[in-house]
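Report on the following structure.
Residue numbers (the working numbering): 68 to 217.
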């Protein structure tokens with residue numbers, strides 16, 4: 068109902084996945100930065116932005132709504148006007164570098180969880196094998212779910 072009055076209301080204000088992406092965006096080590104000297108003010112970046120952010124006006128995009136999708140950077144006709152820059156090192160970050168960095172962080176987190184014992188289940192190997200052998204899916208259900216008889 069609110070979508071009649073506010074553009075993409077659910078996606079921007081109520082979606083739990085969007086909230087999670089917003090947190091990642093706020094704590095991201097990189098931001099979209101616009102060089103005002105080389106900007107030709109064509110407005111393509113703002114038109115293509117899925118969050119409808121004023122990329123063509125702002126010098127630095129610092130908002131939880133920016134997911135760093137890079138659509139604005141890719142559509143910009145003026146070379147090196149829009150860039151994803153690390154605010155820590157003040158260097159331009161390419162899409163492959165960002166993806167590789169995220170993958171490395173993910174793998175390191177899994178490794179740390181494994182060596183600290185947080186990745187291990189409380190099931191013994193025998194219990195796990197027993198559950199794998201069960202062929203009747205009705206036996207593997209949440210206790211509160213009641214099956215109807217056919």
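Backbone N, C-alpha and C fix where the C-beta goes; we use that ideal spot for every residue, glycine too.
{"query": "Do residue 136 and residue 117 have their CB atoms nearer than 8 Å?", "result": "yes"}
{"query": "For residue 194, which residues does DSSP report across the bridge?", "result": "Its beta-bridge partners do not exist; DSSP assigns none."}
{"query": "Nearest by alpha-carbon distance to residue 101: which of 122, 90 and 69 is it?", "result": "122"}
{"query": "Out of 198, 105 and 155, which has the shortest C-alpha to C-alpha gap to residue 146?", "result": "105"}
{"query": "Quick check on the DSSP output: the beta strand (DSSP E) that includes residue 81 runs from which residue to which?", "result": "Taken as a continuous stretch (DSSP letters only), residue 81 belongs to no beta strand (DSSP E), as it is neither H nor E."}
{"query": "Can residue 151 and residue 97 be called in contact, C-beta distance under 8 Å?", "result": "yes"}
{"query": "Who are the near neighbours of residue 170 in its chain, counting only those whose CB is closer than 7 Å to its CB and skipping five residues on each side?", "result": "none"}
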